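Trainee: Quick one: structure below, then a few questions.
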Amino acid sequence: MKKIILLMTGISLNVLTFAQLDTFNLKMYKLPEMKRFELTTSLNEASSSNKNYLQSNYSNNLNMSYNIAFRFFKNSPKWQLDENISNAANLSTDHSNTSDNKITENMLNCHINSTNRYYFIKKCFVELDGISLISNSNYNYTYNHNYDYYYRNYSSHEKGNSLNQLLEISANIGVGRIEPVQDANLAVYILQDLKKANVLSHDPNISEIVAFSTFISQLKNKRIFDSRTKRIYELEVIDSFLTANNLTNKNDIKTFAIVNDNWAFANNPTRLSGWRSSFGFDFRGNRYESNDKTTDIYTYPTSTSSTSKYDYITKQNVLTIQINNSYEDPINLHWQQSAFVNPFISKYSLTTPQDNRFLYYYNTQTYKKYSYGLYSGYTLSFYPNSRTSVSLNATFTAWKNKRNSKDDASWWTSDNSLNMMPSTGFNLVYYISPRIKLNGNFNLSYIKFVTNGYNANVIGRSFDIQPKYYTSDNKSLSTSSSLQLIFNIL
15 MKKIILLMTG ISLNVLTFAQ LDTFNLKMYK LPEMKRFELT TSLNEASSSN KNYLQSNYSN
75 NLNMSYNIAF RFFKNSPKWQ LDENISNAAN LSTDHSNTSD NKITENMLNC HINSTNRYYF
135 IKKCFVELDG ISLISNSNYN YTYNHNYDYY YRNYSSHEKG NSLNQLLEIS ANIGVGRIEP
195 VQDANLAVYI LQDLKKANVL SHDPNISEIV AFSTFISQLK NKRIFDSRTK RIYELEVIDS
255 FLTANNLTNK NDIKTFAIVN DNWAFANNPT RLSGWRSSFG FDFRGNRYES NDKTTDIYTY
315 PTSTSSTSKY DYITKQNVLT IQINNSYEDP INLHWQQSAF VNPFISKYSL TTPQDNRFLY
375 YYNTQTYKKY SYGLYSGYTL SFYPNSRTSV SLNATFTAWK NKRNSKDDAS WWTSDNSLNM
435 MPSTGFNLVY YISPRIKLNG NFNLSYIKFV TNGYNANVIG RSFDIQPKYY TSDNKSLSTS
495 SSLQLIFNIL
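Below you can see the structure in the form of structure tokens.
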């Protein structure tokens, strides 16, 4: 009887051991303490030139852009930090002799995004986040027309610039923690492929899988400038780890090929685990300034010219009190579900110039309203391997607006009407090779919003000063889809 019990115990332990790879729970993995600095740059140029020799027509187009980005990431029991700074510029020109139109545009912007989460107790945290954006653009348009409404040949030259400034600050206090666990997923993929090729000496236990996952996270964090030297070093140290921990029984080309194939796709989609709930406020201020000058030159029937200028400033302030609830569940190695529910209350203020070309005047108007509602979503994702991901998502937003009765400009806002916007989407990412990626998505969205209040009545060129009460029920259904084949040169 004792022999039977010992035999059954041995079989049970053996089955349990061999089941570790297929049943490993990603929630058991915690990202090790680390700091990471990243600097990425990109330079893009696209140009086209077309010429019709029979009709002597031509068109030229040039578009150039660059982007430089710096990122600092820190993870520790006390801190979760993610700081991003980027600077980008874009220049585009377009010229054609068929209409003799010339278009030149350039833009320069600086973007800062900062997330700072401090855990003063094990699961309790305070969070201070910020976003800053400064964008400056200039444009120069020249249009030549054969005729206008009055059948006169004329050319139009428009020149202007705009400055957009955005500052957003949020402060929250909450509980819970969400950890990235994709490195554990990659570790299991490598070990599973080694097992299928019969080069895995034994099925690793939980502690060995966690140790290999931690090793991968630390290896990814190591910065080496030369990509060729980096790949050689990474493959060498992975092989050394597997050998030192007696996880492989063969150091042959088969083992190398399996590790190299999985590591080439190591930038697999992010997997997250945990939950987080917080309460706080968010303030967003936006200032947009534009200066525009247009000169029209008429050549027929008489030579005349006219110049118009339009300078305006728009200011927008939004103060939001919100509750943020996020949940990330790696169901198993291949399935992931994510959900969020965020109720909010917002106070909205917009100061903008009003252009009434019928009465030939410009003035400034201020709109004020309160909004309260709910923003929620759910995503189900499937990861069959390290190079493929498929996800289905759904979001639902519902809100009501409450106008400020003391503000005449509130005529233009909706009042106590239920607005809603459900949407759903499908996304596919497949790496054909480490440099070639297929990306496809489809989105379906529906929006319903009600606008009511007062509006001026304009008929032809007559203007009725007496405002008219109106109610407008707006509904729309839209779809979008795309299929991209992306090739990374570097």
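For the sequence shown, this note's numbering assigns the number 15 to the initial residue and increments by one for each residue that follows.
The C-beta atom is built at its ideal place from N, Cα and C for all residues, glycine as well.
Quick caveat, the model's predicted, so the values are computed rather than measured.
How many Å lie between residue 36 and residue 181 at the Cα?
Mentor: Within the sequence shown, residue 36 is the residue found at index 22, counting from 1. Within the sequence shown, residue 181 is the residue found at index 167, counting from 1. Whole-angstrom Cα-Cα distance: 47 Å.
Trainee: Who does residue 116 pair with in a DSSP beta bridge?
Mentor: On the sequence shown, position 102 is the one that residue 116 refers to. Answer is 109 and 156, bridged to residue 116.
Trainee: With contact counted as at least three CB pairs below 8 Å, one residue from each stretch, are the segment 140-159 and the segment 253-261 in contact?
Mentor: The answer is no - the segment 253-261 does not touch the segment 140-159, with fewer than three Cβ pairs under 8 Å.
Trainee: Let me know the secondary structure DSSP gives residue 25 once reduced to three states.
Mentor: Within the sequence shown, numbered from 1, the residue matching residue 25 stands at position 11. With a pLDDT of only 35 at residue 25, under the threshold of 50, the placement of this residue in the model should not be trusted, and no figure is reported.
Trainee: Thinking C-alpha only, which one of 265, 84 and 334 is nearest residue 299?
Mentor: Walking along the sequence shown from the start, residue 299 turns up at place 285. Ranking 265, 84 and 334 by Cα distance to residue 299 puts 334 first.
Trainee: Considering only the alpha carbon of each residue, which of 275, 297 and 320 lies closest to residue 447?
Mentor: Here residue 447 corresponds to residue number 433 of the sequence shown, with the count starting at 1. Checking every option, the nearest Cα to that of residue 447 belongs to 275.
Trainee: Mapping DSSP to helix, strand and coil, what is residue 224?
Mentor: One-based indexing of the sequence shown puts residue 224 at position 210. It is helical.
Trainee: Where does residue 492 land, buried or exposed, given buried means 16+ other C-beta within 10 angstroms?
Mentor: Taking the sequence shown and counting its residues from 1, one reaches residue 492 at position 478. Classification of residue 492: exposed, given that the 10 Å Cβ count is below 16.
Trainee: Determine the burial state of residue 349: buried for a count of at least 16 other Cβ atoms within 10 Å of its Cβ, exposed for fewer.
Mentor: In the sequence shown, residue 349 corresponds to position 335, counting from 1. Answer is exposed; the Cβ neighbour count stays below 16.
Trainee: Going by beta carbon distance, what residues of the same chain come within less than 6 Å of residue 328, once the five residues before and after it are set aside?
Mentor: Within the sequence shown, numbered from 1, the residue matching residue 328 stands at position 314. Here the set comprises 302 and 366.
Trainee: Which same chain residues end up closer than 7 Å to residue 92 when comparing Cβ atoms and leaving out the 5 residues on each side of it in sequence?
Mentor: Reading the sequence shown from its first residue, position 78 is the one you call residue 92. Excluding sequence neighbours, residue 92 sits near 132 and 133.
Trainee: With a Cβ-Cβ cutoff of 7 Å, do residue 388 and residue 414 count as a contact?
Mentor: Position 374 of the sequence shown, counted from the start, is the residue given in the question as residue 388. Position 400 of the sequence shown, counted from the start, is the residue given in the question as residue 414. Contact: no.
Trainee: In whole angstroms, what separates the C-alpha of residue 95 from that of residue 265?
Mentor: Taking the first residue of the sequence shown as 1, we reach residue 95 at position 81. Taking the first residue of the sequence shown as 1, we reach residue 265 at position 251. So the two alpha carbons sit approximately 39 Å from each other.
Trainee: Provide the residue(s) that pair with residue 279 in DSSP beta bridges, ordered along the chain.
Mentor: Here residue 279 is taken as the residue at index 265 of the sequence shown, counted from 1. DSSP lists no partner for residue 279.
Trainee: Could you compute how far the alpha carbon of residue 235 sits from the alpha carbon of residue 51?
Mentor: Reading the sequence shown from its first residue, position 221 is the one you call residue 235. Reading the sequence shown from its first residue, position 37 is the one you call residue 51. Approximately 9 Å between the Cα atoms of the pair.
Trainee: Rounded to whole angstroms, what's the CA-CA distance from residue 226 to residue 176? Just pull it up for me.
Mentor: Against the sequence shown, residue 226 aligns to sequence position 212. Against the sequence shown, residue 176 aligns to sequence position 162. Distance between the alpha carbons of residue 226 and residue 176: 52 Å.
Trainee: Measure the C-alpha to C-alpha separation of residue 248 and residue 74 and round it to an integer number of angstroms.
Mentor: In the sequence shown, counting from the first residue as 1, residue 248 sits at position 234. In the sequence shown, counting from the first residue as 1, residue 74 sits at position 60. The alpha-carbon atoms of residue 248 and residue 74 are separated by roughly 46 Å.
Trainee: Which residue or residues does DSSP assign as beta-bridge partners of residue 449?
Mentor: By one-based count along the sequence shown, residue 449 stands at place 435. Per DSSP, none; premise fails for residue 449.
Trainee: Using the rule of at least 16 other Cβ atoms within 10 Å of the residue's Cβ for burial, across every protein chain shown, is residue 401 buried or exposed?
Mentor: Numbered from its first residue, the sequence shown carries residue 401 at position 387. Burial call: buried.
Trainee: Cβ of residue 403 within 7 Å of Cβ of residue 457?
Mentor: For the purposes of this step, residue 403 is identified with residue 389 of the sequence shown, where counting begins at 1. For the purposes of this step, residue 457 is identified with residue 443 of the sequence shown, where counting begins at 1. No, they are not a contact pair.
Trainee: Distance check for residue 439 and residue 497, CA to CA, integer angstroms please.
Mentor: The residue you call residue 497 lines up with position 483 of the sequence shown. The residue you call residue 439 lines up with position 425 of the sequence shown. Their Cα atoms are separated by approximately 14 Å.
Trainee: Give me the Cβ distance between residue 285 and residue 40, rounded to the nearest whole Å; I'm assuming they're in contact under 8 Å.
Mentor: Taking the sequence shown and counting its residues from 1, the one referred to as residue 285 is at position 271. Taking the sequence shown and counting its residues from 1, the one referred to as residue 40 is at position 26. Residue 285 to residue 40, Cβ: 6 Å. Contact.
Trainee: Which residues in the same chain have their Cβ closer than 7 Å to the Cβ of residue 399, if we skip the five residues on either side of it in sequence?
Mentor: Here the question's residue 399 lines up with position 385 in the sequence shown. For residue 399, where only same-chain residues beyond five positions count, the Cβ hits under 7 Å are 203.
Trainee: Nearest-angstrom Cα distance between residue 219 and residue 463?
Mentor: Reading the sequence shown from its first residue, position 205 is the one you call residue 219. Reading the sequence shown from its first residue, position 449 is the one you call residue 463. Computed Cα separation, rounded: 56 Å.
Trainee: Nearest-angstrom Cα distance between residue 199 and residue 391?
Mentor: Taking the sequence shown and counting its residues from 1, one reaches residue 199 at position 185. Taking the sequence shown and counting its residues from 1, one reaches residue 391 at position 377. Each residue's Cα considered, the two are about 24 Å apart.
Trainee: Which of the three DSSP states, helix, strand or coil, is assigned to residue 272?
Mentor: One-based indexing of the sequence shown puts residue 272 at position 258. Correct three-state label for residue 272: helix.
Trainee: Classify residue 271: buried if its beta carbon has 16 or more other beta carbons within 10 angstroms, exposed otherwise.
Mentor: By 1-based counting over the sequence shown, the position of residue 271 is 257. So residue 271 ends up on the exposed side.
Trainee: Please state the DSSP three-state secondary structure of residue 285.
Mentor: Here residue 285 is taken as the residue at index 271 of the sequence shown, counted from 1. Coil.
Trainee: Name, in chain order, the residues that DSSP records as bridge partners for residue 183.
Mentor: The count along the sequence shown starts at 1 and reaches residue 183 at position 169. Looking at the DSSP assignment, residue 183 forms a beta bridge with 144 and 297.
Trainee: What are the boundary residues of the alpha helix (DSSP H) that residue 252 is part of?
Mentor: Reading the sequence shown from its first residue, position 238 is the one you call residue 252. Residues 241-258.
Trainee: By the three-class DSSP mapping on this structure, what secondary structure does residue 400 have?
Mentor: Here residue 400 is taken as the residue at index 386 of the sequence shown, counted from 1. Residue state, collapsed to three classes: coil.
Trainee: Excluding the 5 residues flanking residue 309 on each side, which residues of the same chain have their C-beta closer than 6 Å to its C-beta?
Mentor: Against the sequence shown, residue 309 aligns to sequence position 295. Once the five neighbours on either side are set aside, the close Cβ partners of residue 309 are 171 and 321.
Trainee: Using a Cβ-Cβ cutoff of less than 8 Å, which residues in the same chain neighbour residue 47 once the five nearest sequence positions on both sides are dropped?
Mentor: Residue mapping note: residue 47 aligns to position 33 of the sequence shown, counting from 1. Contacts found: 89, 90 and 91.
Trainee: Over the uninterrupted alpha helix (DSSP H) stretch that includes residue 204, give me the two end residues.
Mentor: Position 190 of the sequence shown, counted from the first residue, corresponds to residue 204. Element bounds for residue 204: 196-210.
Trainee: From the DSSP output, in three-state form, read off residue 437 for me.
Mentor: For the purposes of this step, residue 437 is taken as the residue at position 423 of the sequence shown. In the structure shown, residue 437 sits in a strand (DSSP, three-state: E or B).
Trainee: Per DSSP, what are the beta-bridge partners of residue 10 in this structure?
Mentor: Coverage of the chain is limited to positions 15 through 504, which leaves residue 10 absent and any answer about it impossible.
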